[in-house]
Every structure is written in C-alpha cells, then in structure tokens.
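See structure below.
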Amino acid sequence: MSFNFDLIKGIKSPADIKRMSITELREAADQMRDAILYRTSLISGHVGSNLGDTEAVIALHYVFDAPKDKLVFDVSHQAFVHKMITGRVDGFINPDDFAKVGEYTVPSESPEYDLFYAGHTSPSISLCVGLAKARDLKGERHNVVAFIGDGALSGGEAMEGLNTAASLGSNFIVILNDNAMAIAPNTGGIYDGLRRLRETNGTAPDNLFKAFGFDYIYVAEGNNVEALIDAYRKVKDSDRPVVVHVNTQKGESYAPAERDREEWHYRMPFDIPTGDLLNISEAPDCDGAFSAFLMEKGTTDPEALIVSSATPGVFGLGPKERERLGKHYLSVDIAEQTGVAAMAGAARAGAKVIYPVVGTFLQRAYDQLMEDWAMDPSPALLAVCETGIRGIPDETHLGFWDIPYIASIPEIVYLAPANVEEMKAMLEWGYSQREHKVAVRIPTFSYEHADYEVDTDYSDINRFKITRKGSQVAIIGAGDFYVQAVRTADLLAKSGITATVINPRFVSGVDNDMIRSLASGHKLVATLEDGSVEGGFGQRVAAAVGATGMKSLTFGIPKRFYDRYDADTLLDSLGLTPEAIASTIVAAL
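Counting in the numbering used here, the final residue of the sequence shown is number 589, and the numbers go up one at a time with none missing.
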C-alpha cells in the first residue's frame, strides 16, 4: 500500500507547521495519520490515541511556541504527531529510521522538545507544576502546558497535580484529550462527570475543573483544527490556570480502529486495508493459561473478585469476558494504588481476590503493598505480569525490578514458576490458601513443560526443589531462567561436570537448610534470575552461601535502563546465554 507524504516529509520543526494554511494543516493531519498507520502496521505500536489526537497536537504546535513554551505529554504514547512535528518524521515514513524513534517522549531523542521520559500515566500535571514554579521564581514568561488524556486523569497523581496547580495563580494550561477511553473504556465518577460535560457542550454544573479553581473551555470538535486553534489562542499567555477540554475520537479516520477502540489501543503488525493481524501465533502460551484460570475462578466461585487497573486485555479479559464476570470484576482504572488497597480490603472482608497487574505499573503502589496489604491479615493473590527480559522492552516499562521491590517487603510470599504446570499449581494454591499474602510471577512468552513432579502445596515457605542431583556446582534457576539453568547444566556435563539443578520456586526468601547441605559436595553455587541482579534473588542467596565457604556467582540483569532492545541480543551481550554462563562457571572453579 502506497502513501503520499510529500507535505510532511520536509517538516523539521514547529516553524514548518506555523507556515501552513488551514487547508495544508488538514492535509498534514491526513498524511500524519497515514504515517502512523504505516509505521505501526510494520512494527506495531499505539494506534488509537495517536489517530485521535492528531489535530489537537498540530494545533498545539501551531499556536504555542515550543521549545520556549514547555509542552509535557502524559502517558506519552500519544505523542507521535508531536515527534513528527519536532524533526522526527523520518521515524514514521522511512522504515530504516523506525528504530531511531521510540514510542514515548525521550529527551535523548530531542532534548529541546521532549522534556521528560514519560511512559507511565498521570505525571504530566505534577511535572508542569514544577516547571511553572521554577519559571515564576526566575521571573520568566512562557506557557507551561500539560497534555493529558487516554485515561490518565484517573491516576491519583493527576488529581494531586490539579490540586496544586490550581493554587499557583499563574500561567498553567491543561489540555485534556478526552476520548472516553484508557485502554478499555473509562469507568468511575470522574469519567461520568466528563461524559456529562460532553453531553452538555461543557455546560454541566458539576464541573470538576471549576471546582478545583481552573478556568475552563470545552472544544466539542476535537478533530477540527480550526476550532482547536481558536481555543488554544484564547488560553495562550493566560495569567491563571485553565483547562481546555477537547473531545476527540480514538482511532479517528481509520474504520477498524473506530469500530474497536479497545483492541486498537495498541496493535501488533497488521494489514492496513483490513486491519487483520499478521503473523498470528497458534502456539499455546502462559498468558492463555492464566486467562483461563481467571475466567474459571471468576465465573464459578461466588466469593471470587478480580481487580483490574486499566489493562484487562493483557490478561485476556476483553469486553465479552468482563461481561461474563459481571459483579466479580472490579475496574479501578489507571490506579494501582487503589488496586492494591481494594484487593486488601476485599480480602479482609472475606472475598477471594486476584489482582493481575503489569509489573512495571505495580511499582507505583509500593507503599500500598507494604502498608495496606503485607501488614494486615488479608490473604489474596497478586499476579505480576510482563516481567523480565522478554517483557516490555522500552526503558520506561521494564519489568526487571519486581523481585527486588516485592521481596523486600515482609509477609509477601513471591513465587516464580518455571513452567506452565507449576504456574497453574501455584495460582491454585495461592488462590485457595487463607494464611499468606501470595504473589506469582507469571512467565513471559514461555510455555515450558515440567521435567519434574510439580508440587501442589507451597505452604512450606522458602523450600527450594532439587530437580537434578550432581556435585561440584549447584545452579539455581529462578522462574523463566530455570530453563537456562537446565541448559547450562547440560553444557557443563559435556565438560565432565555433573551439576545440581535447583528450582527455588520462592524468590522472596532463601532455603538456608538446602544451602548449608550443598556445602558437603559443592564448590560453587550459581544463581540465575530474569531480573535485576542488584537487590535481587541471587544476592540474597549469595549472602547465605557466603557463610558456607562455597563460592557464589550471581547471573541477572545489571541495574540500568535498557531501551528498545532485542531480547536475544541483550542476553548475549550480558553473558546470560547458557554457553556464556557455563564458561563463567568453569573459569570460577
């Protein structure tokens, strides 16, 4: 399928947009939408929100004067058009340049125009509070604009930011991209209020923003560039906080995305004329098994409650599944803090709660994990997903730190299954038992089968499992990296070293009895984990090994931010392939 990018291919900065006529701006919007479809159809990406906010962002750069004016995009997967306007259009129309431009705002890509790394939701208003306060302290004069939407208003930090921004008494502009969606449709009182504002053309008396103290403008035609330019001009250089509420259509101008806005929030490579996915895998995976577990519990157990924080599709809970779950499903929107607290509250009242959550988002709720769950008698099941090196490969969404931060909290039992049978057994035990707070690390893109007898009872906390007996070397492979331990042991066997292989199962504690018992026949203990080595499982094991006289090696991911990596390439560069691990072990003996 061919596209015409003649108008936009020469855009180098917002100055090029400012020189365009209204007719040209409309044509630029059409070409930018085509560019979004072209890129995402080939390499995947966030489709719906970027198609929906195209005119809103074009008008933003047409009226305001970035980089002098400071523009901050919330949950910045909705910033594709911003990137095109600020000199990165080749990253959307030239496949050779796709890898140079990320999904989110990235200061290293464009220090002038991308002020912050913004991949998680709801910080834009608070970040702009800081920008505005510093501007006022220095006596500078420029606009500070937070562009928020796609469900981000439901995050608690957004409300905190609004509360503070309203009291600044100086220029502060919030542009709300209201497409009535997060990934799934928005729920809750905030969005009922926004719906009433949309239905009354912005005149409903229960106006959240006015209640906070903001001036307020409503733009009904959020995909009309002229209406947007007019609204933005009214608030530019305002001397007090103001909200511009823009009504947009998620998936605008692309029929498949308009028909199914939830499915088209993010799309894997697809055929543009039909919208059909390409390269569909028929292979079973742990995600499918986990989704089946959720549906089985939620539809058969009258005490079951499944909590979700805005990403139900990740766990196979689409609209039909959520309808089947009915009252056994609770959406808290993009609010992991409330997700954890609601899980704890429902468990305290006797419900059997499962909270599936993406690991990189769960870190926002660290305090609730400790104070509201771990410290109270609230047995529940937390399922942590998209973790490890085969999780999300963007630096803002890495799932490398769940083991350090969850395992640092007392009273939480964190289990890391090594295969699908063990995952099912751990989920069943965690759901049915009533003594412990249990978290299970769901395997990512793995469907390994057990090569040992899988236990069904994990109440003997921190008890590791030897799956292959040997001597000299013991290899402890946690979760997804258990298979690396097995393959490493197979390689060592070719060198005459018969290694002991251990599946720890528990990554929140250490089997000290087993570690001591290894000392009689082993010289070295190596740990393998699919997560941060600093503060991780292996370092806790190494502390126990240190008292025995054995050597220890810890293999994991060094603590730094990795961006847009290929998993196999990264494993190789970090020395985490079975061949590299075996070589390191041999050298250490």
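Backbone N, C-alpha and C define an ideal beta-carbon position, used for all residues, glycine too.
Remember, predicted model here, so these are calculated numbers, not experimental data.
Buried versus exposed, by CB contacts within 10 Å (16 or more), residue i
i	result
N419	buried
E103	buried
K327	exposed
I148	buried
A304	buried
G538	buried
E529	buried
A588	exposed
A292	exposed
T444	buried
R33	buried
T554	buried
M343	buried
M181	buried
I502	buried
Beta strand (DSSP E) segment containing residue i, residue limits
i	result
I354	352 to 358
F147	144 to 149
N163	N163 -> not in any beta strand (DSSP E); alpha helix (DSSP H) instead, spanning 156 to 165.
K437	437 to 441
Cβ shell of residue i (< 7 Å), same chain only, five flanking positions each side left out
i	result
V106	D114, Y117
A66	P14, Y113
A425	V454, D455, T456
D69	H142, N143, V145
E422	A450, V454
L127	V72, F116
L570	I389, Y562
A29	T54, E55, I58, V225
L194	D178
A374	I409, P410, E411, I412, K437
Extent of the continuous alpha helix (DSSP H) run through residue i
i	result
R364	Element bounds for R364: n/a, residue is neither H nor E.
Q539	537 to 545
A342	336 to 348
S573	567 to 573
Y414	From DSSP, Y414 is part of no alpha helix (DSSP H) but of the beta strand (DSSP E) over 412 to 415.
V129	124 to 137
E321	319 to 325
Y191	189 to 199
Y62	54 to 63
S331	That residue, S331, is in no alpha helix (DSSP H); its beta strand (DSSP E) goes 329 to 331.
V72	That residue, V72, is in no alpha helix (DSSP H); its beta strand (DSSP E) goes 70 to 73.
D90	90 to 93
Residue i (DSSP reduced to helix, strand or coil)
i	result
N18	The sequence as given places Lys at residue 18; Asn does not occur at that position. DSSP places K18 in helix when its eight states are reduced to three.
G275	coil
H46	strand
P312	helix
M550	coil
V246	strand
A79	coil
K297	helix
M375	coil
I403	helix
D513	helix
E303	coil
R259	helix
A425	helix
Q472	strand
L524	strand
K100	helix
R240	coil
D230	helix
F481	helix
Own chain partners of residue i with C-beta closer than 6 Å, once the 5 adjacent residues on each side are dropped
i	result
P123	E157
H397	G119, T360
8 Å Cβ cutoff, residue i in contact with chain B
i	result
K465	As a matter of chain content, chain B is missing from the structure shown, which is built from one protein chain.
Contacts around residue i, its chain only, beta-carbon distance under 8 Å, and the 5 residues preceding and following it disregarded
i	result
H522	S471, Q472, V473, A474, T500, M550
V586	L492, S495, I497
T548	I515, R516, L518, A519
Does the structure place the segment 208 to 225 close enough to the segment 46 to 64 that three or more beta carbon pairs sit under 8 Å?
yes
For the segment 327 to 341 against the segment 177 to 189, are there 3 or more C-beta pairs whose distance is under 8 Å?
Taking a cut-off of 8 Å for Cβ pairs, the segment 327 to 341 and the segment 177 to 189 touch, as three or more such pairs fall below it.
Is it the case that the segment 83 to 90 contacts the segment 5 to 24, given that we only count it when at least three CB pairs across the two stretches are under 8 Å?
yes
Counting Cβ pairs closer than 8 Å, one from the segment 465 to 479 and one from the segment 413 to 429, do we hit at least three?
yes
May I ask you to verify whether the segment 532 to 547 touches the segment 449 to 457, counting CB pairs closer than 8 Å and requiring at least 3?
no
Whether or not the segment 381 to 401 and the segment 424 to 440 are in contact is what I'm after, with contact meaning three or more pairs of Cβ atoms, one per stretch, closer than 8 Å; do they touch?
Note that the segment 424 to 440 touches the segment 381 to 401; at least 3 beta-carbon pairs, one per stretch, sit closer than 8 Å.
Three or more beta-carbon pairs under 8 Å between the segment 195 to 202 and the segment 159 to 170, yes or no?
no
Inspect the CB distances between the segment 485 to 495 and the segment 456 to 465 and report whether three or more fall short of 8 Å.
no
Please determine if the segment 359 to 370 and the segment 392 to 409 are in contact, where contact requires at least 3 C-beta pairs separated by less than 8 Å.
yes
Looking at C-beta atoms only, is the number of pairs between the segment 40 to 51 and the segment 251 to 267 that lie closer than 8 Å three or more?
yes
Is it the case that the segment 229 to 243 contacts the segment 203 to 221, given that we only count it when at least three CB pairs across the two stretches are under 8 Å?
yes
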